[in-house]
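See structure below.
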Amino acid sequence: MSLPAKLGKTAPLLIQHVLHHDPASPTRPQFNILKDVPPIFYDKSTYPDYSDSNACVHRFITKPQQSVLPVNDSQRVAGARYQVSSVCQKCRLHLELAVVFKTQLACRPGAVHHFCYFPKESADRLKTVAKSPGQALEVYIYNCTQTQCSATVHLKLWTPLIMPEWVSLLTDEDILKKRVDDALALEPERLEGIGRPTPLVVLTHLKTYIDNALHDEQRNRSINIMNKKFTVCFGTGGESCKQLFEYLGFKLVNDRWEPPRPNTKALKPYTDPLNIFLDNISFELLVLISQRPQHETEGQGANIAFTPSISQFNQLLGTTDYPKTRAFPNNSQLKAPFYEHLGAVSDMSNELIIEAYRQQNRIIPSRNSYYLRCLRSIGHWRGPVDGKTINDFVELETTNGKYADDDVPDSYSYFNLDYYRDFALSDDSIIGSFYARLEDTPNDMEPRKHLWRIGDYRKSEKIKAAAEERVTTAEQAEVFLGVHADTPDDFVISMYTAKISDSPDSKEVAKRAVRLIADSRKSEALQHFLKTGEAASAQMDIGDAFRLLQIPDRSVDDAAIIAAYSVCCSEAPEQIDTYRQALAVIAEESGSAVIRSMLVDDSAPANRALLDWPVGLRNIGNTCYLNSLLQFYFTIQPFRNMVLDLDRYKTELDEEVIRNKKVGSRKVSLLEIQRSQKCWFLLALMTLIRRTSPKRFVTPTQELARLTLLSSSSEAAFRRKSLSTHKTSELGEINGMPIMGPVGPPAPIPEEKSTPSSSSPEKEESAKEDAGVSPSTRAPNELESGNASDQTVVPTVETKEVTSSSSETSITPEHPVSEAIVAPNRPPPVPPRPTPRVDNEQLIREEVELGAQQDVTEVINNVLFQAQCAIKPTKIDADGNQIDLIMDLFYGQTKSYITAMNGIRSKNEFWSDIKVDVATGSRDIYSAIDGAFDRQKVHVDGAEAEQYGAISKIPPVLQIQVQRVQFDQVKKSSFKSTHHLELKETIYMDRYMDVPEHDNMGLYKRRREKWAWNDELNGLKVRREELLSNNVLSPSIMTKNNR
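Structure (structure tokens):
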């Protein structure tokens, strides 16, 4: 039976965790050792610390009236409930640990229970367990995973019943002294000579009242409020402790406190809520009495006896005498929590440790490789002698194909890959490294073992199929040959030839791979190759070439042919290879050296290695900036790996994920996510083509350019505009409306009963309106050009049914009757207008042209935003925004400070680039960046304030945008600045970082000094301009003085 991935632990570890779990700790960590699966341990320096220094290490004592244990381990009654109820001697936490056996079956002798936590059953049980007001309750349900064992454990934890304020009321000496003083002041004569009680006396009196009520019906009498001992212990009339007494079930009736009346003859263990409540109170008071200092207990004759619960816990769970090891680990070994993560404890025997490993693998199969590492480490800790059984078992597991997760980096290294750096590589990249290594290895067993291990760890059937040389599907065939679904047939044949050349023994497998691909594609070329062993190629003649390039005159010169070729390529980039073939046929026929040289310059060298990245991107029409941007992102390895392995990163399209997805402080819709994932799928496809392309360049599709250049909002706006204004005319147009061809004759107009002579002018006018004709005051040419021209309106005519008399002649095709054609008495109706058709391909081309004109900043922001929409978050920030790979790579954070009269305010802002300009003249990169972080004067609340920014988080990839297009505020027009921006090979950003006011390096002080110098320099420049404008100094004198 396969079990869900839940927390698992043996019975000894469960007892240990119960002793260390403190629900009432004020610093309790979020991680709960009783129900949460611990994270995988890699290194102590990075492993989270879930310890709680304030947690109570419990010393539980047994409450016998609520406990019942089996007589011995072998005598268990099916369905019976055995339990130990306890209270902590230190923090008064209540516990109930119960075991129920559904049948009499239990773990085999020598074994221990291995429990699995069930969260749903625990939550359901929590709803039914009683608790008192103010108490916190936790419930945990565990089932034993050992074969045939029917044990279920119920663990319940309650916080103390007696609140902290009541503990102070009973034990605080100052409060007690004041209570006695108040009573003496009210009744000095009656209370004369009475001794002052200690907190121990107060606790003992209250416990006596509870115990009498619970166990001794004869002594369970009402308490007179005039009782002197009661008065000095609990105040006059018990008024000071009234709330506590009422909580305990006492009632004030006629100047007497009536105690609670439980069933003193109730069977054990208690099941009545009142009995259980009073028994818990009694034990809490007993714990408080035991915590009193020694000077209070001396001479009181108190003999407090406790029964520690730990031995009863072991008896209940069958862990009293489990097999143990002689090899105890030292403290340094216990820094790695491998025992705990196997659900075991360090003193278990080798056989029990191995069994714990097996059970953990059943509970969480996805961690098999990690649990093998835990087991192997424990075997090493115990040494070659004491750990021999474990070491032999690990060796057997390895022989059977199992591996530890720390073996996976070694497998990556075997293929010259770095596990930590190249983990996000696509499956195809890893398979490519495998085949490269296979060529240099005489025995393929070792590389296949390492590849299978990587595939299994990544849960990749594709990699495992390559390792096992499985070729039963088209996808496996593509992996075997190193091709893709969109690889051309001729290249598939080339890869087949290379495969059998390198490994002649694989010829039959390679041929089967080609056959599977051919069947999947229904490729006649591959089928022809399989039958004849020759690649089929369709020849294009000279007439086909000219027709394809839309050149009607074959006598045109080379320039016209090249121009026609360029036009065709820009209009249909996906057909460039076909157009190149046509151009080559024309060059061969005409012998044109010009056309041949163009084809040679535009082709790839024959000896280009397929893994030489990157190849170029063809410009498909004013997309040079987009191509540069994609080439730039292609060089960033984490970004490239994300694109190549998009399935691993992309957002799941389930309802909850979409509802909660926020990017850049705004909600993202399902359509935006789907659009973005389509964009990144196309980009990933193009990237893979760049790997396998024999050319020096590949051509981006129009669809990829559109999705990358245009944001979803821009695209929607453009399409709305296009649908309302786009015109496609086939036969010309009339009055601005396109003629799309015949649409059939207009509907016939039925005859009216009334004759024209009997029609009144009003009726005639009404008839015109019924026919869709405007009153005669409008000009005829206005009939089709009114305000309603934006919509296609088909006029309708009201008709009345005409009943034929029996005397009328029936007209049949055999007896036609000719009638005189009568002139109509109204204008004909306006014929229906056809709806203009929209050319979707033309629309995409126009969208790409529009996108190419977008601002550079908009394009970069759109690319990053779409990437974030497409991928899933690594975590969520406090505002619900997703943090992901894009944020980690490209987004920095600036802290903006505003110093005003009422103090300093600051806020954090995220950014993906630093924008600089060279509008006023040439400058170096530091002067340009200064503008983004220099001090400025702003107005806040009607007063002048100082504002500046500093980088609080700098991204690994810093993008700096030079905004050359600026707006001239004087001329009210845009201009492009061509001033030089001097770049440095290394840019030091420490001067812009957010540092404390008194930092060790003095950056803050130097930053303010620079601002002061800038202010002084700007003042001097202004003064110079004033002197020049007043002719006080001439420019020549200024120049000479400057020298």
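Just so you know, the sequence shown maps onto residues 1 to 1043 in UniProt numbering. C-beta atoms are modelled at their ideal positions from N, C-alpha and C, and glycine is treated no differently.
- The bridge partners DSSP lists for Asp489 come to none.
- Cβ-Cβ distances below 6 Å link Leu126 to Val139 in the same chain, with the five nearest sequence neighbours on each side left out; the list follows chain order.
- With respect to the 8 Å criterion, Leu200 and Glu284 are not classified as neighbours on the basis of their beta carbons.
- DSSP places Thr894 within a strand segment (E or B) once states are collapsed to three.
- When C-alpha distances from Pro996 are compared across Ala436, Tyr897 and Ser429, the shortest belongs to Tyr897.
- Within the model, the alpha-carbon separation for Leu425 versus Ile454 is close to 12 Å.
- Tyr47 and Ala336 have their C-alpha atoms some 10 Å from each other.
- In the pairwise beta carbon analysis, the stretch 368-385 is classified as touching the stretch 343-358: at least three pairs are separated by under 8 Å.
- Under the rule that a run must span 4 or more residues, the alpha helix (DSSP H) segments found entirely inside the stretch 260-292 read 273-290.
- The way I'd put it, the stretch 633-653 does touch the stretch 420-440; three or more beta-carbon pairs between them come closer than 8 Å.
- Distance from the CA of Glu588 to the CA of Phe529, rounded to the nearest whole angstrom, comes to 27 Å.
- Short of 7 Å from the beta carbon of Ala919, and not among the five residues preceding or following it, lie these beta carbons of its own chain, in chain order: Gln966 and Ser977.
- At the C-beta level, Ala518 and Leu526 come within 8 Å of one another.
- Judged by DSSP secondary structure, Tyr948 falls outside any alpha helix (DSSP H) and instead within the beta strand (DSSP E) spanning Ala943 to Lys953.
- By the neighbour-count criterion, in which 16 or more other beta carbons inside 10 Å mark a residue as buried, Pro323 falls on the exposed side.
- 8 Å or more divides the Cβ of Tyr82 from the Cβ of Phe115.
- Asp913 is the residue among Pro64, Asp913 and Ile925 whose C-alpha sits nearest the C-alpha of Lys953.
- Secondary structure within the stretch 136-218: the beta strand (DSSP E) runs of 3 or more consecutive residues, fully enclosed, are 137-144 and 151-158 (chain order).
- Secondary structure within the UniProt domain "UCH repeated" (407-465): the alpha helix (DSSP H) runs of 4 or more consecutive residues, fully enclosed, are 408-414, 419-422, 427-438 and 445-457 (chain order).
- Taking the Cβ atoms as the reference, Asn275 lies roughly 7 Å from Leu214, within the contact range of under 8 Å.
- Among the bridge pairs identified by DSSP, His114 is matched with Thr10.
- Around Asn212, the same chain offers Arg219 and Asn220 as residues with beta carbons nearer than 6 Å, after the five sequence neighbours per side are excluded.
- For the pair of segments examined, the stretch 118-135 was found not to touch the stretch 50-70: the number of CB pairs separated by less than 8 Å stays below three.
- Apart from sequence neighbours up to five positions away, the residues of its chain that approach Lys937 with a beta-carbon distance below 6 Å are Glu944, ordered along the chain.
- Gly79 has its alpha-carbon roughly 7 Å from the corresponding atom of Thr103.
- Taking a 10 Å sphere around the C-beta of Ile987, we find fewer than 16 other C-beta atoms and assign the residue as exposed.
- Membership of Gln961 in the beta strand (DSSP E) is indicated by the continuous run Ile960 to Val962.
- Here the stretch 494-506 makes no contact with the stretch 456-465; the two share fewer than three CB pairs at distances below 8 Å.
- Contact between the stretch 222-238 and the stretch 36-52 is not established, with fewer than three Cβ pairs separated by less than 8 Å.
- The stretch 581-595 makes contact with the stretch 552-571; the number of CB pairs closer than 8 Å reaches 3 or more.
- In the DSSP assignment, Asp968 falls within the unbroken beta strand (DSSP E) covering Val965 to Asp968.
- Relative to Lys895, the option among Tyr992, Lys9 and Val585 whose CA is nearest is Tyr992.
- Within the stretch 648-676, the complete alpha helix (DSSP H) segments of 4 residues or longer fall at 655-660, listed in chain order.
- About 19 Å separates the beta carbon of Ile40 from that of His17, a gap too long to meet the 8 Å contact definition.
- Beta-bridge partners assigned by DSSP to Ile914: Ile960.
- Under the three-state reduction of DSSP output, Glu508 falls in the helix class.
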